[in-house]
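FYI, numbering that gives the first Met the number 0 numbers position 47 of the sequence shown as 46, with every residue one higher than the one before it. Idealized CB from N, CA, C, for every residue including glycine. Here's the structure we're looking at; comments come further down.
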Amino acid sequence: MDERYVIADENDMTYEFVDWFFDEKKASCGALWFMMMAAMWEGWKGRGESINTSTEYVVEPCISTKLTVCIR
Numbered sequence: 000m001d002e003r004y005v006i007a008d009e010n011d012m013t014y015e016f017v018d019w020f021f022d023e024k025k026a027s028c029g030a031l032w033f034m035m036m037a038a039m040w041e042g043w044k045g046r047g048e049s050i051n052t053s054t055e056y057v058v059e060p061c062i063s064t065k066l067t068v069c070i071r
């Protein structure tokens, strides 16, 4: 457990992410697990940033469209 937290501290990762990665994903990533961890961390950070930003959502009415199928 301590090794994963050292990695987290050295790379400014959250313990929550590192626990998730080591428990759920590392075994399936093979020898390049550290590269996969870095890529997944970027996605994890992006997810967190999009959740934490305040965004005004605009709901527009649904517009019915017709699709034409062309057979060639």
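Between the alpha carbons of residue 34 and residue 46 lies a gap of roughly 19 Å. For residue 7, the enclosing alpha helix (DSSP H) begins and ends at 1-9. For residue 39, the secondary structure class from DSSP, reduced to helix, strand or coil, is helix.
In the structure shown, residue 34 falls within a helical segment according to DSSP collapsed to helix, strand and coil.
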